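S.K.:
Next comes the structure, spelled out in structure tokens:
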């Protein structure tokens with residue numbers, strides 16, 4: 093099994109596995125209106141993916157973390173060579189959103205492994221909450237997770 097991690101604010105814990113947040117706002121790999129659950133391939137990468145969006149140390153407290161296990165046969169790998177040329181552009185472009193949204197719509201696998209923009213040698217895992225096998229994935233309960241305030245300097 094491949095274990096992936098998700099860190100959320102406590103108020104989003106109940107909807108953390110629905111893809112609701114990504115559906116409302118869109119993300120690097122999905123257009124608004126398309127649910128997608130963004131996870132990291134390690135707890136360290138998941139932490140970095142959260143930190144890159146934080147602006148000051150006052151938002152570092154009171155997070156929640158959980159993991160979910162995915163059968164490797166249900167994970168589609170995406171080498172950089174098959175990704176759109178600007179997949180790592182900042183801000184994200186429609187090319188990467190089109191790529192991910194097409195994968196989500198096809199529902200061929202429950203997970204898509206994509207390179208991290210922050211650490212391209214590491215991978216984020218996208219989960220498709222609309223895939224028929226998604227509900228059966230083993231997952232942990234959420235537990236407290238706090239960032240060390242030294243990670244961000246004012």
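In the numbering used here, the protein residues as written are 93 to 246. Heads up, the beta-carbon is just placed ideally off N, CA and C, and yes, glycines get one too. On a predicted model such as this, the values are computed, not experimentally measured, just so you know.
#1: Roughly how far, in whole angstroms, is the beta-carbon of residue 98 from the beta-carbon of residue 161, given that I think they are within contact range, below 8 Å?
#2: Where does the unbroken alpha helix (DSSP H) through residue 319 begin, and where does it stop?
#3: Closer than 8 Å by C-beta to residue 107: which residues in its own chain qualify, once you throw out the five before and the five after it? Chain order, please.
#4: Which term fits residue 217, buried or exposed, when burial requires 16 or more other beta carbons within 10 angstroms of its beta carbon?
#5: How many angstroms separate the CA atom of residue 102 from the CA atom of residue 224?
#6: Between which residues of its own chain and residue 221 is the CB-CB distance below 8 Å, once the five residues before and five after are set aside?
#7: Fully enclosed by the segment 150-205, which beta strand (DSSP E) runs are 3 residues long or longer?
#8: For residue 138, I'd like the list of residues in its chain whose CB is within less than 6 Å of its CB, leaving aside the five on either flank, ordered along the chain.
#9: When the Cα atoms are used, what is the spatial distance from residue 195 to residue 118?
#10: Identify whether residue 231 lies in helix, strand or coil by the three-state DSSP scheme.
#11: Under DSSP, the alpha helix (DSSP H) around residue 140 begins and ends at which residues?
#12: For the beta strand (DSSP E) holding residue 95, just list the boundary residues, first then last.
#13: State the Cα-Cα distance for the pair residue 152 and residue 188, rounded to the nearest angstrom.
#14: For residue 93, count neighbouring C-beta atoms within 10 Å of its own C-beta (all shown protein chains included) and say buried if the count is 16 or more, exposed if not.
#15: Short check: CB of residue 170 to CB of residue 204, under 8 Å?
#16: Residue 146: buried (16+ other C-beta within 10 angstroms of its C-beta) or exposed?
M.R.: With the structure as the only source:
#1: Not really, about 12 Å apart at Cβ, beyond 8 Å.
#2: An answer regarding residue 319 cannot be provided, because it is not within the stretch 93 to 246 covered by the chain.
#3: 113
#4: buried
#5: 27 Å
#6: 109, 110, 111, 127, 128, 129
#7: 155-162, 167-169
#8: 97, 99, 132
#9: 15 Å
#10: strand
#11: 135-143
#12: 94-100
#13: 29 Å
#14: exposed
#15: yes
#16: exposed
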